[in-house]
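Trainee:
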Amino acid sequence: MPKQGQRSWAWRRLRFTARNANEMETAFQQLLSAKAQALITASDPIVLDRREQIASFALRHKVLAIGFVQQIALAGGLLSYGPSISWMYRQAGDYVGQLLKGSNPAEMPVLQTTRFELVINMKTAKALGLTVPPSLLARADEVIE
Numbered sequence: 007m008p009k010q011g012q013r014s015w016a017w018r019r020l021r022f023t024a025r026n027a028n029e030m031e032t033a034f035q036q037l038l039s040a041k042a043q044a045l046i047t048a049s050d051p052i053v054l055d056r057r058e059q060i061a062s063f064a065l066r067h068k069v070l071a072i073g074f075v076q077q078i079a080l081a082g083g084l085l086s087y088g089p090s091i092s093w094m095y096r097q098a099g100d101y102v103g104q105l106l107k108g109s110n111p112a113e114m115p116v117l118q119t120t121r122f123e124l125v126i127n128m129k130t131a132k133a134l135g136l137t138v139p140p141s142l143l144a145r146a147d148e149v150i151e
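Under our numbering, residues 7 to 151 are what the sequence shown spells out, in order.
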């Protein structure tokens with residue numbers, strides 16, 4: 007039971023699939039019909055290609071947009087938290103280098119991401135009337151003003 011002054015959260019997960027611009031618009035309308043207050047984007051090429059459209063929709067309708075790659079926050083989403091893409095590219099380059107030097111792929115270790123990036127878009131937070139705690143800002147790898 008929440009104490010006085012605290013919010014009670016009721017989470018409901020909705021899944022929308024959009025493979026093109028028309029399906030993206032349909033998904034937006036479904037989000038509005040469901041009275042969604044937040045959306046979490048996937049990190050597939052279609053979403054990344056439409057990141058400005060997603061961020062614009064979210065801001066216009068006061069929906070929190072969160073993604074797994076920094077491009078969502080850079081486009082105007084509230085924040086992103088996910089694996090460091092640049093770290094993954096460096097690791098892929100290291101693997102290619104090892105293969106070119108004759109390493110046996112079967113003997114090479116499988117790596118798991120150990121570097122994650124938090125990007126917070128303060129411009130969007132302000133537009134949504136949100137206050138981001140200083141402790142969260144201090145942990146961010148990038149803050150967009």
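Using N, Cα and C, we set each Cβ at its ideal position, and we do this for glycine too.
#1: Are there three or more Cβ pairs, one per stretch, closer than 8 Å when the segment 83-102 is compared with the segment 61-73?
#2: With DSSP as the reference, label G152 as helix, strand or coil.
#3: Measuring alpha carbon to alpha carbon, tell me which of R96, R145, F34 ends up nearest T23.
#4: Using only the alpha-carbon positions, how far apart do L134 and N28 sit?
#5: Taking the DSSP output, what are the residues bridged to E123?
#6: Once the 5 residues before and after M30 are set aside, which same chain residues still bring their CB inside 7 Å of it?
Mentor: For this structure:
#1: yes
#2: The question about residue 152 has no answer here: the residues shown for the chain are numbered 7 through 151.
#3: Among R96, R145, F34, the Cα nearest to that of T23 is on F34.
#4: The straight-line gap from Cα to Cα measures roughly 27 Å.
#5: Its beta-bridge partners are G88.
#6: Excluding sequence positions up to five before and after M30, its CB lies within less than 7 Å of the CB of A24, R56, Q59, all in the same chain and listed in chain order.
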